[in-house]
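Note that the protein sequences, when read in sequence, are chains A and B. Sequence positions in the first sequence follow this note's numbering and run 1023 to 1310. Sequence positions in the second sequence follow this note's numbering and run 470 to 703. Following: one structure in structure tokens, then a few remarks.
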Amino acid sequence: MEWLNIILQGVLVGGLYAMFAAGLSLIFGVMRLVNIAHGDLIVLAAYVALVATDALGVNPLLSLVVVVPVMAALGYALQWLVLNRTLGDDLLPPLLVTFGLSVIIQNGLLELFTADSRKLQAGAIETASLHLGGGLAVGTLPLLQFVVAVAVIAALQALFYRTALGRAFRATSDDQSVAQLMGLDNRHVFALAMALSLAVVAIAGVFLAVRANFDPSIGPARLIFGFEAVIMGGLGSLWGTLAGGIILGVAQAIGAQLDPGWQLLAGHIAFLIVLALRPEGLFPKVQG
Amino acid sequence: MPDPLLEVRALDAGYGDFQALFGVSLAVAAGQVVAVIGANGAGKSTLLKSIAGVMPSRRDAVRFDGEPVGDLPAHRRVARGIALVPEGRRLFPSLSVEENLKIGGQLGRPGPWALARIYELFPVLAERRSQPATSLSGGQQQMVAIGRALMSNPKLLLCDEISLGLAPIVVREIYARLPAIVAEGLSLVIVEQDIVQALAAASQVYCLQEGRVALEGAAGALTREAIAAAYFGV
Chain A
1023 MEWLNIILQG
1033 VLVGGLYAMF
1043 AAGLSLIFGV
1053 MRLVNIAHGD
1063 LIVLAAYVAL
1073 VATDALGVNP
1083 LLSLVVVVPV
1093 MAALGYALQW
1103 LVLNRTLGDD
1113 LLPPLLVTFG
1123 LSVIIQNGLL
1133 ELFTADSRKL
1143 QAGAIETASL
1153 HLGGGLAVGT
1163 LPLLQFVVAV
1173 AVIAALQALF
1183 YRTALGRAFR
1193 ATSDDQSVAQ
1203 LMGLDNRHVF
1213 ALAMALSLAV
1223 VAIAGVFLAV
1233 RANFDPSIGP
1243 ARLIFGFEAV
1253 IMGGLGSLWG
1263 TLAGGIILGV
1273 AQAIGAQLDP
1283 GWQLLAGHIA
1293 FLIVLALRPE
1303 GLFPKVQG
Chain B
470 MPDPLLEVRA
480 LDAGYGDFQA
490 LFGVSLAVAA
500 GQVVAVIGAN
510 GAGKSTLLKS
520 IAGVMPSRRD
530 AVRFDGEPVG
540 DLPAHRRVAR
550 GIALVPEGRR
560 LFPSLSVEEN
570 LKIGGQLGRP
580 GPWALARIYE
590 LFPVLAERRS
600 QPATSLSGGQ
610 QQMVAIGRAL
620 MSNPKLLLCD
630 EISLGLAPIV
640 VREIYARLPA
650 IVAEGLSLVI
660 VEQDIVQALA
670 AASQVYCLQE
680 GRVALEGAAG
690 ALTREAIAAA
700 YFGV
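Quick look at the structure:
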């Protein structure tokens, strides 16, 4: 029963990892851009939430109403002003620029907020839990986080396959130059994709900040979790990122139970095992 | 002649150091069908790409509807009413047949062409509407490509080698639909290697040779010898 409980907790954390991964996967899917600053943008969102909760005096979960549009607007501007200029046949410029962005965000946050660990206080919901009987219990917050993750991925899936915007994303991903013949301005399409990615990042950042301590330096580790979930799930598959996130979360939970020092290692080992057995991921979608 | 819908004036175009077009001029009146013929590498596709905005050119080298559009990007020329059926069809493989058509109409330009009209023109597409576009036969894919371009309700439709790689019977079937398309009042520029097909469909013909206009005239007035001479440069 104890193990069942541990696996259950791992699954719920997996939802958070899936949200890290979904934004990363979306950007790569639409414009083949690997966003090295993704983890730092998650941390930035956490700080934006910190400022918003302090200024407005609201619950961090409620601050999403502000943080999501702020991050989405930032994403649009970032893509339009900076990243669009790096896109082309060469994959290296966007990598270098987002790497530089990662350094800038980390140091900017360090300058503004110091290296102190911070945490958002969500109140009673943090300690509330649901008893499932038989000694099993799940925290309300982790459960909410998981439900939100599933909802986010379902919403992205619906947006991609059922709306005109999703059609534009897929068409631009298929063939940029013909997409322009359809009247699509690919700079605008890319900026919308980045805005959407950072809206998801905002949600992930707030849950990260409520769940545990954060400081300006933790971004790159979140990036690794996101990458691992994307690769395990299979490139371009949104539901795959959820599966990848859950595998990572469960592996970390089991590792931590065996020895607290093994938490991260167990996640990486699970990743390597999946990579060795299915290099294309569990639910691959992108060809070429 | 009233102001032409499309006017190309002394257009130069090329790829890097390679110049593909040298001072090409051409005019298309409203409702007219113009054929551009020529051998491989004569610059036919480059001409269409320059008109559609896939390749940039001098601002006043391309005039459409009385305004210079030569420096506009492709997506803004579509909004003005120029649509291109690209060589090799270039359908979106991640999209179904219907989604390919819908994305052609995503700008919402008003006009006669909508999904129902496209399915009326090419009934076979209606049966396959939810299949991935690239699972269709070559001829059906070409119909999707033409339908996709029509969905933007263009004033000018540019067709790049729509017979390429298709069986003669399929080519005839597709060409048989062109009059119905022109009947809606749009102008058509067809680039073809199939000269017989092009001459039959067009009223005006331009023959390109090594990036220059070697011959132009009314389709009926050109002799076989003149075309052969312009085509091969002998």
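Idealized CB from N, CA, C, for every residue including glycine.
Are three or more beta carbon pairs between the region 1280-1292 of chain A and the region 1073-1083 of chain A nearer than 8 Å?
no
DSSP-derived helix/strand/coil call for E685 (chain B):
Position 216 of the second sequence holds residue 685 (chain B). Reduced to three states, the DSSP call for E685 (chain B) is strand.
Just mark P1164 (chain A) as buried or exposed, buried being the case when its beta carbon has 16 or more other beta carbons within 10 Å.
In the first sequence, residue 1164 (chain A) corresponds to position 142, counting from 1. That one is buried.
Residue from B:R558, B:S526 and B:E630 whose Cα sits closest to the Cα of G485 (chain B):
Counting from one through the second sequence, the residue named residue 485 (chain B) turns up at place 16. Cα-wise, what sits closest to G485 (chain B) is B:S526.
Would you check if the distance between the CB atom of A552 (chain B) and the CB atom of L1203 (chain A) is smaller than 9 Å?
The sequence position of residue 552 (chain B) within the second sequence is 83, counting from 1. The sequence position of residue 1203 (chain A) within the first sequence is 181, counting from 1. Yes.
Are the C-beta of Q609 (chain B) and some C-beta of chain A separated by less than 9 Å?
Start at 1 with the first residue of the second sequence, and residue 609 (chain B) comes out as number 140. Closer than 9 Å: no.
Within 9 Å of chain A by C-beta, residues of the region 561-573 of chain B in sequence order:
F561, P562, S563, L564, E568, N569, K571, I572 and G573
Using a C-beta to C-beta distance shorter than 7 Å, which residues of chain A count as neighbours of R559 (chain B)?
For the purposes of this step, residue 559 (chain B) is taken as residue 90 along the second sequence, with counting starting at 1. Near R559 (chain B) (Cβ distances below 7 Å), the residues of chain A are D1197 and V1200.
Does the beta-carbon distance from A1251 (chain A) to T1263 (chain A) come in below 9 Å?
Translated into the one-based positions of the first sequence, residue 1251 (chain A) becomes position 229. Translated into the one-based positions of the first sequence, residue 1263 (chain A) becomes position 241. Cβ atoms of A1251 (chain A) and T1263 (chain A): closer than 9 Å.
Verify whether the separation of the beta carbon atoms of R546 (chain B) and G522 (chain B) is less than 9 Å.
Taking the second sequence and counting its residues from 1, one reaches residue 546 (chain B) at position 77. Taking the second sequence and counting its residues from 1, one reaches residue 522 (chain B) at position 53. For R546 (chain B) and G522 (chain B), yes; Cβs fall inside 9 Å.
How would you label R1054 (chain A), buried or exposed, when you count the other beta carbons within 10 angstroms and need 16 or more for buried?
On the first sequence, residue 1054 (chain A) is found 32 positions in, with the first residue counted as 1. Result: exposed.
How big is the Cα-Cα spacing for T515 (chain B) and A652 (chain B)?
Looking up residue 515 (chain B) in the second sequence gives position 46. Looking up residue 652 (chain B) in the second sequence gives position 183. Cα to Cα, T515 (chain B) sits roughly 27 Å from A652 (chain B).
Helix, strand or coil for S494 (chain B) per DSSP?
Position 25 of the second sequence, counted from the start, is the residue given in the question as residue 494 (chain B). The answer is strand: DSSP assigns S494 (chain B) an E or B state.
Please go through the same chain and pick out, in chain order, the residues whose beta-carbon is closer than 8 Å to the beta-carbon of L1026 (chain A), but skip the five residues on each side of it.
Sequence index remark: in the first sequence, residue 1026 (chain A) carries index 4 (1-based). Closer than 8 Å at the Cβ level, and outside the excluded window around L1026 (chain A), lie L1158.
Opening and closing residue of the beta strand (DSSP E) in which D1138 (chain A) lies:
For the purposes of this step, residue 1138 (chain A) is taken as the residue at position 116 of the first sequence. Element bounds for D1138 (chain A): n/a, residue is neither H nor E.
Please check the pair G712 (chain B) and V639 (chain B), which I expect to be a contact at CB under 8 Å, by giving their CB distance rounded to whole angstroms.
Nothing can be reported for residue 712 (chain B): it is not among the residues displayed for chain B, which extend from 470 to 703.
Only counting the same chain, and skipping five residues up and downstream in sequence, which positions put a Cβ closer than 8 Å to that of I1029 (chain A)?
Start at 1 with the first residue of the first sequence, and residue 1029 (chain A) comes out as number 7. The answer, listed in chain order, is V1272, A1275 and I1276.
What residue does the alpha helix (DSSP H) around R1209 (chain A) start on, and which one ends it?
Along the first sequence, one-based indexing puts residue 1209 (chain A) at 187. Looking at the DSSP string, the run of the alpha helix (DSSP H) that includes R1209 (chain A) is N1208 to R1233.
Just verifying my parser: in three-state terms, what is the DSSP assignment at L506 (chain B)?
Here residue 506 (chain B) refers to the residue found at position 37 of the second sequence. First, the residue type needs correcting, since residue 506 (chain B) is Ile and not Leu in the sequence shown. Strand at I506 (chain B).
Helix, strand or coil at I1058 (chain A) according to DSSP, with G and I counted as helix:
Translated into positions along the first sequence, residue 1058 (chain A) becomes position 36. DSSP places I1058 (chain A) in coil when its eight states are reduced to three.
If you draw a straight line from the C-alpha of S1199 (chain A) to the C-alpha of T1108 (chain A), how long is it?
On the first sequence, position 177 is the one that residue 1199 (chain A) refers to. On the first sequence, position 86 is the one that residue 1108 (chain A) refers to. If you take the alpha carbons of S1199 (chain A) and T1108 (chain A), they lie about 17 Å apart.
Anyone know if the C-beta pair for F591 (chain B) and M612 (chain B) falls short of 9 Å?
Along the second sequence, read from residue 1 onward, the residue named residue 591 (chain B) stands at position 122. Along the second sequence, read from residue 1 onward, the residue named residue 612 (chain B) stands at position 143. Cβ atoms of F591 (chain B) and M612 (chain B): closer than 9 Å.
Give me the chain B residues within the contact set of A1190 (chain A), using Cβ-Cβ distance strictly less than 8 Å, ordered along the chain.
Numbered from its first residue, the first sequence carries residue 1190 (chain A) at position 168. Going along chain B in sequence order, the residues near A1190 (chain A) (Cβ under 8 Å) are I572 and Q575.
Whole-number beta carbon distance between P1082 (chain A) and V1174 (chain A), since they are thought to touch under 8 Å:
Taking the first sequence and counting its residues from 1, one reaches residue 1174 (chain A) at position 152. Taking the first sequence and counting its residues from 1, one reaches residue 1082 (chain A) at position 60. Actually they do not touch by this definition, with Cβ atoms about 17 Å apart.
In whole angstroms, what is the alpha-carbon distance linking Q1309 (chain A) and V1169 (chain A)?
Indexing the first sequence from 1 puts residue 1309 (chain A) at position 287. Indexing the first sequence from 1 puts residue 1169 (chain A) at position 147. Reliability of the predicted coordinates at Q1309 (chain A) is poor, the pLDDT of 46 falling under 50, and no value is obtained from them.
Are the C-beta of A1186 (chain A) and some C-beta of chain B separated by less than 9 Å?
Here residue 1186 (chain A) refers to the residue found at position 164 when the first sequence is read from its first residue. Yes - at least one Cβ of chain B is within 9 Å of the one on A1186 (chain A).
Under a CB-based cut-off of 9 Å, is D1207 (chain A) close to chain C?
In summary, chain C is missing from the structure at hand, where the protein chains are A and B.
Reference A1056 (chain A), options A:Y1039, A:F1121 and A:L1187, closest by Cα
Within the first sequence, residue 1056 (chain A) is the residue found at index 34, counting from 1. A small correction: the amino acid at residue 1056 (chain A) is Val; Ala does not occupy that position in the sequence shown. It is A:F1121 whose Cα lies nearest to the Cα of V1056 (chain A).
What separation, rounded to the nearest whole angstrom, lies between the Cα atoms of M1093 (chain A) and V1104 (chain A)?
Indexing the first sequence from 1 puts residue 1093 (chain A) at position 71. Indexing the first sequence from 1 puts residue 1104 (chain A) at position 82. When rounded, the distance between both Cα atoms is 16 Å.
Judging by CA-CA distance, which residue of A:T1162, A:N1235 and A:P1301 is the nearest neighbour of H1153 (chain A)?
Translated into the one-based positions of the first sequence, residue 1153 (chain A) becomes position 131. Comparing Cα-Cα distances from H1153 (chain A) to each of A:T1162, A:N1235 and A:P1301, the minimum goes to A:T1162.
By the DSSP assignment, the beta strand (DSSP E) with Q673 (chain B) in it spans what residues?
The count along the second sequence starts at 1 and reaches residue 673 (chain B) at position 204. Q673 (chain B) -> beta strand (DSSP E) spans Q673 to Q678.
Which of helix, strand or coil DSSP assigns to F1236 (chain A):
Sequence index remark: in the first sequence, residue 1236 (chain A) carries index 214 (1-based). Here F1236 (chain A) sits in strand by DSSP.
When the distance is taken between beta carbons, is L1286 (chain A) closer than 9 Å to A1243 (chain A)?
Residue mapping note: residue 1243 (chain A) aligns to position 221 of the first sequence, counting from 1. Residue mapping note: residue 1286 (chain A) aligns to position 264 of the first sequence, counting from 1. It is a contact, given that the beta carbons lie within the stated cut-off.
Nearest-angstrom Cα distance between G1037 (chain A) and A1176 (chain A)?
Residue numbering aside, residue 1037 (chain A) sits at position 15 when the first sequence is read from its first letter. Residue numbering aside, residue 1176 (chain A) sits at position 154 when the first sequence is read from its first letter. For G1037 (chain A) and A1176 (chain A), the distance between alpha carbons rounds to 12 Å.
Starting from I1147 (chain A), trace the alpha helix (DSSP H) in both directions and tell me its first and last residue.
On the first sequence, residue 1147 (chain A) is found 125 positions in, with the first residue counted as 1. It is not in any alpha helix (DSSP H) - I1147 (chain A) carries neither H nor E in the DSSP assignment.
Min CB distance R597 (chain B) to chain A below 9 Å:
In the second sequence, the residue the question calls residue 597 (chain B) occupies position 128. Output row for R597 (chain B): interface = no.
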